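Residue numbers (the numbering used here), protein chains in the order written: chain A, 817 to 1240; chain B, 19 to 281; chain C, 127 to 1058.
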């Protein structure tokens, strides 16, 4: 019985604080300070701090929300490779992917909460939701998904939590709190039963994740008024994008934050690298189709908007950030250095972080063209323009959400035994 | 003419309404047409709500592009900066000297099949039995999904700005006058509705229920906008369409707007 | 749909339609009705605090009747007054914006005294007592030293200037003028000399009140017009005679053909049947050619070619003389193109229109009756030879029988209601004075010192404000009348409700003159006073600024340009804001101060003891309403003798509550009063009739002969007045020794296509610069936020750059930057732009939004952004007048863009004014374009 002896919960290697950690913490503090400024502005001045307007009502925050929720869906779907499809090579990191999914879900929820005008009314979606509205469905699906994630994470960590009861400090206390009276590790049959539960939950989660993230795509795609959005490709595009970006984030976390740089780590990272490359190529294919098909003959309602993305004042968002940062450089890294955890991790960082640009380029161009000719010259106001550049405060609020996400993640890995077999 | 993306209204037999050489004088010449419309209103208001359908006919041959409707609406509904219900679009085409210019006032279309309604996550916007698409400001969460869904850009958002902000001052005196949209009393104050809500034209339904014409119709110098009950064949709003080529904006979307443009 | 049932929708009850008085026919229910609101409903509490006031706009010269609603004393909504037939319940974008005038942070709030140099805009706040004492002391000193005539009172662009005129006429200055002198006097000359009126407009104001065969009165909504030709006239946008927009589209749908002749495809052209993009400054050529075509091709036997009215000569004098003079020109050849004058080919060369189109236009105008040929203030009033245009235009309307015909052309000045003269002109015209001229003591009337009629512009029947800078710097030389030879300086300039420093002729000249100093370092004009609620450029040069009540805060009377006598009341809607005062109060305050300063001519009995309120003043003015004679078809009042002058309320005239004076030929009803108007929705309407010039006992024609004068009696009289004296100097400009008394012709200036003197500029200065009047961008309107939020005619477009600035609001110190920073985004505000055809733009490598300099041959220049538009004739640049380079913080956000907006008034030729009327030549200039 381990319960009687108090053992440190953290491997000895981690007691030495590396300079990288200091840099990380420093960075986080900067992000937090800026984020708090954004949070303060948002709470004080509401939507006024945005560069949004009546003609372009959605911007960075909506894109960031889609980015976060995509990361969540992607991370979750990775976990199902283990729990549902029994992929052994990722077994050890599966609980972590659940944590990442949970954290990014909360980040997405926080982001979208800040975007709506009346934050206090957001819960109206629950009790007076409109079943015709894709957005109401999002609300419901996220709720179910959240509950599912919590329960699945619980079962995925159950044994490790019991094992962690004896830990000194808060993590032990959390483990004791979460495991109640249970003091002994799970038996094989219990483990098997609970593994079955996670499999079932994961299996339920797969269509759920497809639904809610395909749903985000559909949230845009069902809007017939916006030519760029109104395509059947969008739900698929969003799911693949989620796989890709979520997988990328997860890969990066494993590559850089795995507690022990052992062979298993190396193998896991390489597996993830191969998966990531596949997802990258598939995502790139769909993105290419999304642009190339409407542009092929140079006629049609989307040509103007899409051309604007490619050659307009923000061409660099597409060419440098998306094509270069999200796809090209990571692809080169993954192909040229398929065995280097560092290269794979960097590919993951680039693809997941810069994926925000992909989301911005989905949300904004759809709104950037007047629905009626000469609308821009009809009535003038700073908020009736077809020109949108996120304000500094908008970026700051995204940083706030990131800072909160980092805290949640840090608390998660500190308090929960997500590194699985480590504790043994 | 007809350069806006509107389609001629199909006749029941499938053909298109032909372009007349000169419109016959369907407008009563011996009385003030706004008085005719007011008596139309009285008739419609006597009917149960579900039996009347408010609509507009806008004669593009009469509109002079003066934009009085745009500002009268802002005046009536006490609209803040950033919110506009009825802009007038101007479309020029051709090259000198063969040019045309068309003015297109754009109220809310009050579509029979409004794309903005199903997208609302909380059902804050809905089609009333009398055809008006209403927004319940007290329910609207301010997500702006409906703004993206409207193919006519008829919805804008109340960001909470005041005219007083333009000189860094307090709200101007005229911003402390409440508006009566939908028959409720709205006085804009930071954080409270209709601030942070989507807003749009509602045909000044509050005025209409009192037997008055919408602000745009009332002020239109050229008498280019007709308003009334689309269900009443005797109403001027319907009679003026006889013999005229009529279009609905983006009719191909199937929204079936309650606003008809006479070409 | 359950939401619906949750709400208590109001049950509408039928609005009760009260018994109608006959003069309110039809207009019962456009006014706010509260009868359908159930007590206790959410809005009833709000509606209960509302008050409806009938008033009149004065934010532009259209002066629409308004119905204003206030809530808790604050203006809530503005609609047209449905009882005023002029605008019949409607009003335009500008009218609607009135509340942003009243509550504007940029308006003048306190009396102020200058502390900086003139033009600097530095002031200190002062009390009314202090400023009135200041003004009175200076005025009295000037009066003592130089005489009262050295004071100019400019009443500005409002119709309610009489209180100010009264004050200054009593003070002893004959030099009371107003803005009409820089508006469009050449356009008014033709009507003035031929039929005694001012402005010919199509008969399409509806409704008009018409006597029916059964004796009843009925509102007539019918349109008889068959053809309407607008030449350089854009009633859809230009706010002046706004009812024309409504009537034009209605008449068009009723079958009238609408033609617009204009270098720009204006909003009016957009709804016209035919647009003729004429070369600027060639309207006279078009009219003369139409006249030649009509005279040549008229055939009384051919129903298609019965152009001339067979009876017009019954009501005319001097036609044979005119026709002979006109025909004699046909034989001459134009030195520019060697073609005979007024031939179709000649006109094609000069106007840039096809000869066939001109022939068609002339034929259709002659044969489609009733028709109206209308020329506007921009197109013709602002050209040097606008006097030729208006004369020929009036002739064309008269000889084709369209004058005052139903559906034809009406001179509104001849038929509108009278408004009495409390302006004190009787005083000045009867006051005997003496002056020493060339050592001799001469006795004469104070009126004989009037600077225009006795000075440089004896035929300028409406002053010559545009020429004032010259007289301000050189002094006034009296050439004619008893004081001929007398010379006096200008020592005080009192301007109210106008902005001559920006809009009356060359901007730089005004700035120069108003800030010029004499040898001792004092200002040459020791006193300048500016009265307004808007803080305009002229205010920058003022010694004293008086904040006047805005039009929503003061009383006045409106009678603008209807085709029937109509009079409506401008009722104060809200009390004057801040320390503003209405014009009668200001008159009394200044009168009292002058009296206290020892002026013997100003007595309480003429001012403060006589007018205790605004209402007293305007009641006196109403005594002369309507003042029109009982003539025309159908006769307005069959029960009264034809040709008798009608006075009194419509009600009393209708009911026979009158006394008839057969010697003076007056039917006197119950005098109209402010109170009566107030009880009748603010308006009095008397019956309309047509062919009012035909009455044997004297019609409406206001010439000396009572007939159309093709031999111009007025100019004849001026010639007699100036006989034996030197010829007015500007007549030399067109080679005359005397004023023309029948057909006359001269070329416009700075036009290389018609005037041989200017052909040299064709290549180096390839663009003709014209200005297009649009209501958003007038000199005094650009500070209104809403008007900056709409675009107009590719002249007023959202081409602003992004800008971060401290807004400047007016305070007791003039303009003051406030602490806050305002960020105005690119494309969020309309500014004045230079409209240019893309063909020209391509040639010069210019794109929309490019900043350019416009340079004229006089080396003057202005800057602005180009807006490429297919709606303008190539070779022509159009800018809105008074719109750019605004130097006063009173212009709000527009002020922030002063360095990138064009001012066409900077490019005027300061030495040219129309030879007869003395009007500045706003639309005659050539420029080159230099990209910056």
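For every residue, glycine included, the Cβ atom is placed at its ideal position computed from N, Cα and C. Here the structure is a predicted model, which is why all the values come from computation and not from measurement.
CB contact flag (residue i, residue j, <8 Å)
i                       : j                       : result
residue 122 of chain B  : residue 229 of chain B  : no
residue 860 of chain C  : residue 185 of chain B  : no
residue 1052 of chain C : residue 1030 of chain C : no
residue 390 of chain C  : residue 898 of chain C  : yes
residue 723 of chain C  : residue 263 of chain C  : yes
residue 1044 of chain C : residue 593 of chain C  : yes
residue 1020 of chain A : residue 963 of chain A  : no
Cβ-based burial, residue i [other Cβ within 10 Å; buried from 16]
i                       : result
residue 156 of chain C  : Here residue 156 of chain C scores only 47 on pLDDT, less than 50, and its place in the model is too uncertain to base an answer on.
residue 787 of chain C  : exposed
residue 1012 of chain A : exposed
residue 283 of chain C  : buried
residue 537 of chain C  : buried
C-beta neighbour in chain C for residue i, strict 8 Å
i                       : result
residue 1192 of chain A : yes
residue 899 of chain A  : no
residue 195 of chain B  : yes
residue 66 of chain B   : no
residue 43 of chain B   : Confidence in residue 43 of chain B is poor, its pLDDT being 36 and thus under 50, which makes the residue's placement unreliable; the coordinate value appears in the next sentence. Interface residue, yes.
residue 263 of chain B  : no
residue 870 of chain A  : no
Residue i, enclosing alpha helix (DSSP H) - first and last residue
i                       : result
residue 634 of chain C  : 633-640
residue 913 of chain A  : 910-931
residue 1020 of chain A : 1004-1037
residue 704 of chain C  : Looking at the DSSP string, residue 704 of chain C is not in any alpha helix (DSSP H), and its letter there is neither H nor E.
residue 57 of chain B   : 51-64
First through last residue of the beta strand (DSSP E) which encompasses residue i
i                      : result
residue 926 of chain C : That residue, residue 926 of chain C, is in no beta strand (DSSP E); it is neither H nor E in DSSP.
residue 978 of chain C : 977-981
residue 830 of chain C : Element bounds for residue 830 of chain C: n/a, residue is neither H nor E.
Beta carbon proximity, residue i to chain A, threshold 8 Å
i                       : result
residue 1006 of chain C : no
residue 713 of chain C  : no
residue 923 of chain C  : yes
residue 177 of chain B  : yes
residue 146 of chain B  : no
residue 93 of chain B   : no
residue 956 of chain C  : yes
is_contact[residue i, chain B] using C-beta, thresh 8 Å
i                       : result
residue 859 of chain A  : no
residue 136 of chain C  : Annotation note: pLDDT 30 at residue 136 of chain C (below 50); position unreliable, no value reported.
residue 1021 of chain C : no
Interface residues of chain F facing residue i [CB-CB closer than 7 Å]
i                      : result
residue 818 of chain C : In the displayed structure, chain F is absent; the protein chains listed are A, B and C.
Quick one: complete alpha helix (DSSP H) runs, 4+ long, within the segment 243-270 of chain B? The alpha helix (DSSP H) runs lying completely inside the segment 243-270 of chain B and spanning 4 residues or more are 254-257, given in chain order.
In chain order, which beta strand (DSSP E) runs of at least 3 residues are fully inside the segment 131-191 of chain B? Fully contained in the segment 131-191 of chain B are the following beta strand (DSSP E) runs of length 3 or more, in chain order: 143-145, 151-153 and 173-175.
Segments of 3+ residues assigned as beta strand (DSSP E) that fall wholly inside the segment 299-335 of chain C: Those beta strand (DSSP E) runs which fall completely within the segment 299-335 of chain C and span 3+ residues are 326-328.
Contained beta strand (DSSP E) runs [length at least 3] in the segment 196-228 of chain C, N- to C-terminal order: List check, beta strand (DSSP E) in window: 200-206.
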